[in-house]
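J.:
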Amino acid sequence: MDLTDACFAGAAGQAELMRSGALTSRDLVAECLRRIERHDRRLNAFRLVFARQALADAGHADALRARGHDAPLLGVPVAVKEDIPLAGLPTTRGTAAVDTPAAADAEIVRRLRAAGAVLVGRTRMPELGLWPHTESTWAGATRNPWSPRHSPGGSSGGSAVAVAAGLVGAAVGTDGAGSLRIPAACTSLFGLKPGRDRVPLTPGTHTWGGLVAAGPITRHVRDAALLLDVLAPGRDHTAAVTDTATLRIAVSLRPWGPGIGLRQEVRDAVLDTAGLLADLGHDVTRLDPDLRELSGSTGFATRYLHHAADGEADLERPDRLDRRTRVVAALGRRLPGAAVRAALAQRPGLTAHANRVVFTDHDLLLTPVLTRPPLRVGEWRRLPAVAALLAAARMTAFLPLWNITGNPAAAVPAGHTGTGLPLAVQLVAAPDGEAVILAAAGQLQRARPWTDRRPPATP
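Counting along the sequence shown from 1, when you hit position 262 you're at 750 in this note's numbering, and nothing is skipped either side.
1) Looking at the structure shown, is I705 part of a helix, part of a strand, or coil, going by DSSP?
2) Report yes or no: do three or more beta-carbon pairs, one from the stretch 714-732 and one from the stretch 921-935, lie closer than 8 angstroms?
3) By the DSSP assignment, the beta strand (DSSP E) with T492 in it spans what residues?
4) State the DSSP-derived secondary structure class of L910, mapped to helix, strand or coil.
5) Mind listing, in chain order, the continuous beta strand (DSSP E) runs of no fewer than 3 residues lying wholly within the stretch 730-791?
6) Return the first residue and the last residue of the beta strand (DSSP E) that D515 is part of.
7) What's the gap between the Cα of A546 and the Cα of S644?
8) What does D663 pair with, by DSSP beta-bridge criteria?
9) Alpha carbon to alpha carbon, how far is R736 from G641? Give it in angstroms, no decimals.
10) Tell me whether E867 sits in a helix, a strand or coil according to DSSP, three-state version.
11) Taking C-alpha atoms, which residue in E804, A554, V606 lies nearest to V537?
12) Closest to W634 by CA distance: which of L889, H904, R934, Q931 is it?
13) Helix, strand or coil: which one does DSSP assign to L600?
14) Alpha carbon to alpha carbon, what distance is there between A554 and V916?
15) Measure the CB-CB distance between A603 and V700 and report whether it falls below 7 angstroms.
16) If the criterion is Cβ atoms closer than 7 angstroms, does the pair I572 and A594 meet it?
17) Taking the C-alpha atoms as reference points, what is the distance between D778 and A567?
18) Please report the Cβ distance between A665 and N843, rounded to the nearest whole angstrom; I am assuming they are in contact, meaning their Cβ atoms lie under 8 angstroms.
19) If the criterion is Cβ atoms closer than 7 angstroms, does the pair A797 and G820 meet it?
20) Just tell me which of G628, T579, G866 has its CA closest to the CA of R529.
21) Can you tell me which of R774, D731, V816 puts its alpha carbon nearest to the alpha carbon of V845?
22) Are A899 and G763 closer than 7 angstroms when you measure CB to CB?
23) Where T734 and N632 are concerned, what is the direct C-alpha to C-alpha distance, given to the nearest angstrom?
24) My guess is that T451 and G646 are in contact by the Cβ rule of under 8 angstroms, so how many angstroms apart are they, rounded?
25) Provide the residue span of the beta strand (DSSP E) that contains L961, from first to last.
26) Would you call the stretch 579-586 and the stretch 611-620 in contact, with 3 or more CB pairs under 8 angstroms?
27) Closest to G563 by CA distance: which of T579, A575, A544, A827 is it?
28) Once you ignore the five residues that flank A935 on each side, which residues in its own chain have a CB closer than 7 angstroms to its CB?
29) Are three or more beta carbon pairs between the stretch 782-800 and the stretch 679-699 nearer than 8 angstroms?
30) Looking at the secondary structure, which residues open and close the alpha helix (DSSP H) in which T726 lies?
31) For S508, does the count of other Cβ atoms within 10 angstroms reach 16, so buried, or fall short, so exposed?
32) Among residues of its own chain, excluding the 5 on either side of P560, which ones have a beta-carbon nearer than 8 angstroms to its beta-carbon?
33) Report all residues from its chain with a CB closer than 7 angstroms to the CB of R835; omit the five preceding and five following residues, and keep chain order.
34) Mind checking whether D756 and T625 have CB atoms under 7 angstroms apart?
35) With DSSP collapsed to three states, give me the class of N843.
36) Per DSSP, what kind of secondary structure is R860 in: helix, strand or coil?
In structure tokens form, the structure reads like this:
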């Protein structure tokens, strides 16, 4: 098989190729490393590449297979975001402010290794995961393979680029306010934020008070299901991808927050997807419920700034942070304690309200992911910190509610703009509804495949 095609086959396809004997892990990993060498100087997806160790692990996977062993990800090249601890390396979280190495792998990494995955490298993120782009003054910009003048989003931007550019078969990122869904949407990938506590974040991964979830960014829906079977065992996520059950789907174009506009191309992508779902036999209805936009989004902003301050306080060398990061953390430190406690206390009521008004009569909610197409690299560079925060809140208005409530949510590719930039929609399910999202996304991918088209910057 052509090795370039194998690099774009996705984790599940790569596992099948190796299982059939059509491909070895060493050949695949070596080709991924060649592609990283060729493309990543421009794309800047990786903080670290473990070339020698990855080749050794690939050879070990091939030896195990030759002796009759198998595992779900045996020999598959994967990457993990730099906020996920790796033994012997500092958990840098997008900064240059951590020197002490982690004592142990995160449970996520342990499960990937146990499933046979070959860890190729760790991927870039913005400092402390604070922005919906992946840029810093000291590391430069991570660039979108669909258009290197544009951002892949953030904060799991490096993970998304690594998959979209065919540098790994799959990647794992984290999502505290859309940080999996944003880069997946910007790079024409499937990005799944599982429900709260479905994927363990121990030891040492920062959880932002329960807002953060870890999950897969992949080319195919079945790749994400395979990774979720490994990261959150106990349910057959892979089987859910082929489920054709009829669902009750609500469609909303109402952003979470007052006075926020929606670009026409984004609106059209959602309505087109709603029409496709109706054609597939689902019961699709319009629903724009009051989700306590003003009080909820204000409370989230308070939590966001508070956790930025906490994140800075955990660093060994906060003086090494970008000035903008320090400004955001300083805003968090100035918050009155009563305001922080009130924001933290709103979660149960907001969770109950959102699930009642949306999921009492519906299985899924369909919304935009972002209110606009991907940012240009450096677009907000000259904005003051507060103005950039407000711009980010407007861009991501459909996302953070579901981090507060803990519901599973995913970004699903939905075509491209007239200039070739990716567009996407969001699917949200009731608690424990990952299988429902996988089923609907699987139907959408079969009806309108998105993986046949590859980013032009990474042939």
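Backbone N, C-alpha and C fix where the C-beta goes; we use that ideal spot for every residue, glycine too.
T.: Straight from the coordinates:
1) If DSSP states are grouped into helix, strand and coil, I705 belongs with the strands.
2) With three or more CB-CB distances shorter than 8 angstroms, the stretch 714-732 counts as touching the stretch 921-935.
3) Careful: T492 lies outside any beta strand (DSSP E), inside the alpha helix (DSSP H) at 491-495.
4) Contrary to the premise, residue 910 reads as Pro rather than Leu in this sequence. If DSSP states are grouped into helix, strand and coil, P910 belongs with the strands.
5) Positions of the beta strand (DSSP E) runs, each at least 3 residues long and wholly inside the stretch 730-791, are given as 736-739, 771-774 in order along the chain.
6) Under the DSSP assignment, D515 falls outside any beta strand (DSSP E), being part of the alpha helix (DSSP H) whose first and last residues are 513-531.
7) Cα atoms of A546 and S644: separation of roughly 25 angstroms, rounded to the nearest angstrom.
8) Assignment of beta-bridge partners to D663 by DSSP yields A701.
9) Each residue's alpha carbon lies about 31 angstroms from the other.
10) In the three-state DSSP reduction, E867 falls in the coil class, being neither helix nor strand.
11) Per the Cα distances, V606.
12) The candidate whose alpha carbon is nearest that of W634 is H904.
13) DSSP places L600 within a helical segment (H, G or I) once states are collapsed to three.
14) Rounded to whole angstroms, V916 to A554 spans 42 angstroms at the Cα level.
15) In this structure, the beta-carbon distance from A603 to V700 does not fall below 7 angstroms.
16) In this structure, I572 places its C-beta atom within 7 angstroms of the C-beta atom of A594.
17) D778 and A567 have their alpha carbons spaced roughly 39 angstroms apart.
18) 19 angstroms between Cβ atoms; not a contact.
19) Their beta carbons are under 7 angstroms apart, which means A797 touches G820 by this criterion.
20) Taking only the C-alpha atoms, the option nearest R529 is G628.
21) Nearest C-alpha to V845 among R774, D731, V816: R774.
22) No, the Cβ-Cβ distance between A899 and G763 is not below 7 angstroms.
23) Those two C-alpha atoms are separated by around 36 angstroms.
24) The question about residue 451 has no answer, for the chain in this structure spans 489 to 947.
25) Because the chain is modelled from 489 through 947, residue 961 falls outside the range shown and cannot be assessed.
26) In the pairwise beta carbon analysis, the stretch 579-586 is classified as touching the stretch 611-620: at least three pairs are separated by under 8 angstroms.
27) The candidate whose alpha carbon is nearest that of G563 is A544.
28) Around A935: L764, L768.
29) The stretch 679-699 and the stretch 782-800 touch, with three or more beta-carbon pairs separated by less than 8 angstroms.
30) Segment 725-728, the alpha helix (DSSP H) holding T726.
31) Counting Cβ neighbours within 10 Å, S508 comes out exposed, since fewer than 16 surround it.
32) Hits under 8 angstroms: A503, A603, G604, L714, D717, V718.
33) Excluding residues within five positions, the ones whose Cβ falls inside 7 angstroms are I892.
34) T625 sits away from D756, with the two beta carbons spaced by 7 angstroms or more.
35) Note: N843 maps to helix in three-state DSSP.
36) The answer is coil: DSSP assigns R860 none of H, G, I, E or B.
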